[in-house]
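In our numbering, the protein residues as written are 680 to 763. Each residue gets a CB set at the ideal place from its N, CA and C atoms; glycine is no exception.
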Amino acid sequence: MFEKRAVRKATEQLNAADRRQRDTEDNGRATRAAFHGTAAGRDAVKSSVRADKDAKKEVKRAEKKLGAAERRLAQKNERKGRTR
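Here you go:
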């Protein structure tokens, strides 16, 4: 039961991370377009790039957690002789 919840939770986190990554990419494009050619543009681009990198890291972390949760569930089911 615990692993099932862990898999479900990891899947939700992965979906949220994917959504955040798409949102930061869209927001970054809009910000860069708005500040194009201005002094504030450089800072906006740096901030946008940083947000994109953070979002990518978050997606990778969520994928890793999902893989671990699925692996634990498979191991537990194997020990108990269950088939999924």
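Problem set entry | Coarse secondary structure for Thr710, derived from DSSP in three states | helix
Exercise. Of all the options Arg684, Arg751, Gly746 and Glu704, which has the alpha carbon lying nearest to the alpha carbon of Arg729?
Worked result: Glu704
Exercise. Count the other CB atoms within 10 Å of the CB of Ser726; is the residue buried (16 or more) or exposed (fewer)?
Worked result: exposed
For this session: Could you tell me if Ala709 is buried or exposed, where buried requires 16 or more neighbouring beta carbons within 10 angstroms of its beta carbon?
Result: exposed
Problem set entry | Three-pair Cβ contact test at 8 Å for the region 686–695 versus the region 741–748 | yes
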